[in-house]
Amino acid sequence: MQKSRIFIVIPVFNENNVLRETVLSLFHEGYRIVIVDDGSTENQKKYLENLEVDFLRHRINLGQGASLQTGTKFSLMQGADIIVHFDADGQHSAKDIPLLIEPLISRKADIVFGSRFLGESKNKIPFAKKIVLNIARYINFLFTGILLTDAHNGLRALTIDAAKTLTIKENRMAHASEILFWVKKKNLKYKEIPVQIIYTEYSKKKGQTIWQSIRILYDLILHKFFE
Amino acid sequence: MTPIQFILLSGLLFTALYFYVRFRNRVADVLLLLVFFATATVFILFPDWSNIVAHKLGVGRGADLVFYLCIVLFVFVVLKLYSRIRKLEQLLTELIREKTIEEAEKQD
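Residue numbers (the working numbering), protein chains in the order written: chain A, 1 to 227; chain B, 228 to 335.
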């Protein structure tokens, strides 16, 4: 498979130079990179100078879920074979992508989720985070009947067929669970692959707080009510 | 007429007029409002009647009955508004998404 037909969608909101490092690490691998700037108040292009990437910009801030959907739709229109969702804050590793997309190429899965609980980085997860993620995975299980080892990992890969069947409607952070709803509803084959999560001060700052987890739960309940 | 009756009635009249001016072309809405305002007026002028209804329904006081009904109505309105907001949000997202993809640029 041509690497240029593997699209990496990166939602971006008021990032710093870590964004450039993230993009560079992917760029060297030869993937096509789609940046979705979710209405940042600061100019994000300055971190992307001299890098050939697709730059999309929401006029207003809609949320990470909406950005992923925009990037995914754009990738489909541009003729992607595989779409990878990747975080901008440097917590994912470009080296995990070949492992992540292997099951898609061999048709063993339609969608692959990265899991920090399967790999070596398991022991590096902060304690509070571990508890919240464990609660979250059982909540997802209650809602969908699918029990993943990692509930809210931003690293995932989809085939075009999977990307076409699902439309992320949860604009904010509940999209990770919403994708599971789609997996269940459309009977997609899924697989979990161990991935590395690099916790830095920056990624922790950018990551989710307990309060946001409650917001996700709230969004999920409303999603069930109104969809 | 007690002062509270006067306050409630004038408030009701004002609201009724406002809605009538805005929705006079929608017969069903106007009819519904008419029924609502008529009921309210009757209970303001004859507060004891609400007690009679309340007793029949197993509620101690008329004022309590009105309060309970208001809670149900309130929840209904909130849910209704919320689903409307969600629809609007999805519409807005779609619009922004289309615009975004239209304006997508290749950077180098």
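Here a beta-carbon is modelled for each residue, glycine too, at the ideal position from N, C-alpha and C. Since the structure is predicted, the reported quantities are computational estimates derived from the model, not experimental observations.
*Using DSSP with H/G/I as helix, E/B as strand and the rest coil, what is B/Asp335?*
On the second sequence, residue 335 of chain B is found 108 positions in, with the first residue counted as 1. Low per-residue confidence applies at B/Asp335: pLDDT is 47, beneath 50, and the placement is therefore not dependable, though the value from the model is reported in the following sentence. B/Asp335: coil per DSSP, three-state reduction.
*Look at A/Gly71 and A/Val18 and say whether their C-beta atoms are less than 8 Å apart.*
The residue you call residue 71 of chain A lines up with position 71 of the first sequence. The residue you call residue 18 of chain A lines up with position 18 of the first sequence. Not in contact: A/Gly71 and A/Val18 (Cβ atoms no closer than 8 Å).
*How many Å lie between B/Met228 and B/Ile323 at the Cα?*
Residue mapping note: residue 228 of chain B aligns to position 1 of the second sequence, counting from 1. Residue mapping note: residue 323 of chain B aligns to position 96 of the second sequence, counting from 1. Each residue's Cα considered, the two are about 56 Å apart.
_Contact list for the region 61-74 of chain A against chain B, Cβ threshold 8 Å_ = Leu62, Ala66, Gln69, Thr70, Lys73, Phe74
*asked:* Nearer than 7 Å: is that true of the beta carbon of B/Tyr245 relative to any heavy atom of the ligand ZN?
replied: This structure does not include the ligand ZN; it has no bound ligands of any sort.
*asked:* I'd like to know whether the C-beta atoms of A/Ile146 and A/Leu100 end up nearer to each other than 8 Å.
replied: The residue labelled residue 146 of chain A in the question sits at position 146 within the first sequence. The residue labelled residue 100 of chain A in the question sits at position 100 within the first sequence. Their beta carbons are not under 8 Å apart, which means A/Ile146 does not touch A/Leu100 by this criterion.
*Go to A/Val195, then tell me how far its alpha helix (DSSP H) extends in each direction, as first and last residue.*
As a working mapping, residue 195 of chain A is identified with position 195 in the first sequence. No alpha helix (DSSP H) holds A/Val195; DSSP gives it neither H nor E.
*Could you tell me whether the Cβ of B/Lys307 comes closer than 8 Å to any Cβ of chain A?*
Position 80 of the second sequence, counting from 1, holds the residue named residue 307 of chain B. Taking Cβ atoms only, chain A never reaches closer than 8 Å to B/Lys307, which makes this a no.
*Mind checking B/Val280: buried by the 16 CB within 10 Å criterion, or exposed?*
Position 53 of the second sequence, counted from the first residue, corresponds to residue 280 of chain B. Looking at its Cβ environment, which holds fewer than 16 other Cβ atoms inside 10 Å, B/Val280 is exposed.
*What residues from chain B crowd round A/Lys224, counting only those whose CB sits closer than 8 Å?*
Locating residue 224 of chain A in the first sequence gives position 224, where the first residue counts as 1. What A/Lys224 touches in chain B: nothing, since even the nearest Cβ is about 12 Å away.
*Tell me, to the nearest whole angstrom, how far the beta carbon of A/Ala151 is from that of A/Leu133; I am working on the premise that it is less than 8 Å.*
The residue given as residue 151 of chain A occupies position 151 in the first sequence. The residue given as residue 133 of chain A occupies position 133 in the first sequence. Confirmed, about 5 Å.
*Should the region 5-17 of chain A be called in touch with the region 38-58 of chain A, which here means at least 3 C-beta pairs below 8 Å?*
yes
*Determine the extent of the alpha helix (DSSP H) in which B/Phe246 is found, giving its start and end residues.*
The residue given as residue 246 of chain B occupies position 19 in the second sequence. Segment 230-250, the alpha helix (DSSP H) holding B/Phe246.
*In terms of alpha-carbon separation, which member of A/Leu104, A/His223, A/Asn50 lies closest to A/Asn140?*
Numbered from 1 along the first sequence, position 140 holds the residue referred to as residue 140 of chain A. Residue A/His223 is the option with its Cα nearest to A/Asn140.
*Could one say the Cβ of B/Arg313 lies closer than 8 Å to chain E's Cβ atoms, at least one of them?*
As a matter of chain content, chain E is missing from the structure shown, whose protein chains are A and B.
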